[in-house]
Amino acid sequence: MSTDNKKQGRFGIFGGQFVPETLMNALIQLEQEYEKAKTDEGFQKELNYYLKEYAGRPSPLYLAENLTRKLGGGKIYLKREDLNHTGAHKINNVLGQVLLAKRMKKTRIIAETGAGQHGVATATAAALFGIPCEVYMGAEDMERQRLNVFRMRLLGAKVNPVESGTRTLKDATNEAIRDWVTNVEDTFYVIGSVVGPHPYPTMVRDFQKIIGEETRQQIMEKEGKLPDYLVACVGGGSNAMGLFYPFYNDRSVKMCGVEAAGKGVDTDETAATIAKGKVGVLHGMMTYLLQDKDGQIQPAYSISAGLDYPGVGPEHAYYHYTRRAHYVSVTDEEALEAFELLTKTEGIIPALESAHAVAYVLKLAPRTQKDEVIVVNISGRGDKDVYTVAKSMGVDLE
Amino acid sequence: MKSRITKKFEGLREKGEKALIIFITAGDPSIELTRDLVIEIEKAGADIIELGIPFSDPLADGPVIQAASQRAIKAGMTTEKAFNLVKALREKTEIPIAFLTYFNTVYNYGQLEFLKKCCDFGVDGMIVPDLPLEERKELEDIAKGYPVDIIPLVAPTSAQRIKKIVSGASGFVYCVSSTGVTGIRESFKTDLEAFMEEVGKHTSLPRAIGFGISGPDAVRQLKPFAEGLIVGSAVVKKIAEDGSPEKVIKRVSDFVCSLKQALAGCP
């Protein structure tokens, strides 16, 4: 059930390894070590131990009865990744990669972060395993996500503000790659999404596919059948790919990836990469990118700091190209409405990223039959976003 | 057909000299000044020009060239304009010119179109820092029909990959002095003598060392190991300092002349 073309880590034409030569041997070594770890019982046992005992897996698949009733269509289940330790799905991948770093005897780990969830997760695992950690974060994002910056510092990580370019996730990723090129011999780069050069998109997907594997088992227990729809937000796309991938061969399962339209797909302030982008190369991968006619990468915008990335994971690009998954977009405004609605109807405050997925469910569910089943990934919790949401409501929390 | 780059290295070798390769970003701070700078840099003793097409996300570059790219993009530099710049330069000079360009720029333009244009407008080579061996085949295949050198990069971490990287290459081999991004370095951690010797075992092409060369002292230190030296950030820094175009040109020319003197002797 593999969608990858082993050769150069390509998904169709997407993916690849477009990085400076200095990094090539490190990527080859990482791939080899990862392939070994994949089939190493000891490694898998240790990873599963931490996923269960430390991160709190499996995460529940919760039937949102109030929301289902309100929308009057199919049954809506929430995959509660927000209940993981550190508050998002990011920890699944980070535990895998940091255990791999430990196995490869790397003495330093670095990460990029947008909203700060991946940075917090990496700083957490670094604290747990006692490895020094530095996180690159756009200066703009540091302002938007002060809480997460403080959390990372509490956890002992050094947070390096990135002032170049648009001062957001794209630039933080550039800076992390530059650090890695410089310190490649002792440093492990923990990438936070299904992006970057091969083997990262595949490896991160594998560490996240536990979301879909659990969902499959849980929905069979509860409903005795596979879901009709899977819905997840897509920035780089790791929570979505984690949910989708185990259902790839189940053609009856429809997959919807929800991009952030920002102020609208037709405006310049958007992060809807698949809707608006064209194929190009950034951060080591060939994929859809927001770029101008000269190939300069354009800043992405979304109210959610975790979704404003001008690219998308190459496997998503492939799912889109082959129409295996359907990609839609919702605006800031729609996401904020969904944020409030889920909070009030189910008592669950979702991350603004996840609120995008919920916003699409608000459109989708009324069009479905009552016996259909929708699973939406609540990829993270919304505590980190209360300042942003308060601001949008005109409330001053300071 | 031999490229201008190959001919230049052959000419230098006959004279027992080494190549001084100077990098500047096209359009930093303006197209006009870049054009004048190329002419003056040649007069000051440069043998080959490496012209950077600015990219929004230059992940192999340090702060100095990142800033130059930003200035150039802001000033309206585009791929098309970079080609036109070389075309205009070709009315005045035969100095070999290689583009330093990230792959997205080439891919977006169309690989075949880009090569055709290089050929028609007088660009002699391409250095694509994010196009390693594993990804370069398509471009390499297309380039076979054109007298444009696709210049490969080898790094101190390349080890057993060197042989494959240099095989079938033309122009010269770009030897990255140390791990990291472009930018001035105080010293080199890499055992450059051993590294360059290893590269030399696998190719008869000229080898040029780049990344981190700060000035005449570094030139004197490194020249025994290579057939060419590439200086980028140190030159770009001189362009970025304040002053009228005349002052910038004078400052850059003096610096290039000091590099050439360290390498051979000022013309």
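Chains A and B, in that order, give the protein sequences.
Letter by letter, the first sequence follows residues 1 to 398 in the numbering used here.
Letter by letter, the second sequence follows residues 399 to 665 in the numbering used here.
Every residue, glycine too, gets a C-beta built ideally from N, C-alpha and C.
Note that the coordinates shown come from a computational prediction; the quantities given were computed from them, not determined experimentally.
| query | result |
| --- | --- |
| Quick check on this structure: which residue in A/VAL194, A/PRO227 and A/VAL330 has the alpha carbon closest to the alpha carbon of A/GLY15? | A/VAL194 |
| Answer yes or no: does any C-beta atom of chain A fall closer than 8 Å to that of B/ALA458? | yes |
| Just the Cα atoms here: how many angstroms apart are A/LYS391 and A/ARG146? | 14 Å |
| Could you check what DSSP says for A/GLU112 in three-state terms: helix, strand or coil? | strand |
| Taking only beta-carbon atoms, is A/THR168 less than 8 Å away from chain B? | no |
| Out of A/THR39, A/ALA157, A/LYS70 and A/GLU140, which has the shortest C-alpha to C-alpha gap to A/THR122? | A/ALA157 |
| Taking the alpha carbon of A/VAL358 as the reference point, which residue from A/ILE374, A/THR368 and A/LYS370 has its own alpha carbon closest? | A/ILE374 |
| Is it buried or exposed for A/ASN84, if we count other Cβ within 10 angstroms and need 16 for buried? | buried |
| To test your reading of the DSSP string, which unbroken alpha helix (DSSP H) runs of 4 or more residues are found completely within the segment 70–137 of chain A? | 90–103 and 117–129 |
| Listed from N- to C-terminal order along the chain, which residues in the segment 199–221 of chain A have their beta-carbon within a distance smaller than 8 Å of any beta-carbon of chain C? | Among the chains of the structure shown, chain C does not appear; the protein chains present are A and B. |
| Helix, strand or coil: which one does DSSP assign to A/GLN145? | coil |
| Is any heavy atom in the ligand ADP found nearer than 7 Å to the beta carbon of B/VAL436? | The model on display carries no ligand, and the ligand ADP is accordingly not part of it. |
| Would you identify the three-state DSSP class for A/ASN377, choosing helix, strand or coil? | strand |
| As a quick exercise: from A/ASP396, A/PRO310, A/LEU67 and A/LYS79, pick the residue whose alpha carbon is nearest that of A/GLU346. | A/LEU67 |
| Cβ closer than 7 Å: which chain B residues qualify as neighbours of A/ILE297? | SER454 and ASP455 |
| What's the gap between the Cα of A/ASP171 and the Cα of B/GLY409? | 43 Å |
| Please classify A/ASP171: does DSSP put it in a helix, a strand, or coil? | helix |
| Give a yes or no on contact between the segment 113–121 of chain A and the segment 137–156 of chain A, applying the rule of three or more CB pairs nearer than 8 Å. | yes |
| Determine whether the Cβ of A/GLN17 lies closer than 8 Å to any Cβ atom of chain B. | yes |
| Any Cβ of chain B within less than 8 Å of the Cβ of A/GLY138? | no |
| List the residues of chain A whose Cβ lies closer than 7 Å to the Cβ of B/PHE501, in chain order. | PHE18 and VAL281 |
| Since B/VAL546 and B/ASP522 are thought to touch, with beta carbons under 8 Å apart, how far apart are those beta carbons, to the nearest angstrom? | 7 Å |
| Can you find the residues in the same chain that come closer than 8 Å, C-beta to C-beta, to A/ILE211, ignoring five residues on each side of it along the sequence? | SER59, LYS79, GLU81, HIS89, ASN92, ASN239, GLY242, LEU243 and ASN377 |
| So which residues of chain B does A/SER193 contact, with C-beta pairs closer than 8 Å? | Chain B residues near A/SER193: none, gap ~16 Å exceeds 8 Å. |
| To the nearest angstrom, report how far apart B/PHE421 and B/ALA465 are at their CA atoms. | 14 Å |
| Does DSSP put A/GLY9 in a helix, a strand or coil? | helix |
| Which bits of chain A does B/SER556 rub up against, with CB to CB less than 9 Å? | GLU21, THR22, MET24 and ASN25 |
| Listed in chain order, which residues of the segment 318–336 of chain A have Cβ atoms closer than 9 Å to some Cβ of chain B? | none |
| List the endpoints of the continuous alpha helix (DSSP H) containing A/LEU362. | 352–364 |
| Would B/ALA592 and B/ARG605 be called neighbours here (beta carbons separated by less than 8 Å)? | no |
| Thinking A/HIS283 and A/GLY196 are a contact (beta carbons under 8 Å), I'd like their distance in whole angstroms, please. | 5 Å |
| Against chain A, with Cβ distances strictly below 8 Å, would B/ASP426 count as a contact? | no |
| Under 8 Å between C-beta atoms, does B/ASN506 make it to chain A? | yes |
| Specify the secondary structure class of A/ILE219 as computed by DSSP and reduced to three states. | helix |
| Can you list, in chain order, the residues of the segment 605–620 of chain B whose Cβ is nearer than 9 Å to any Cβ on chain A? | none |
| For A/TYR309, name the three-state secondary structure that DSSP assigns. | coil |
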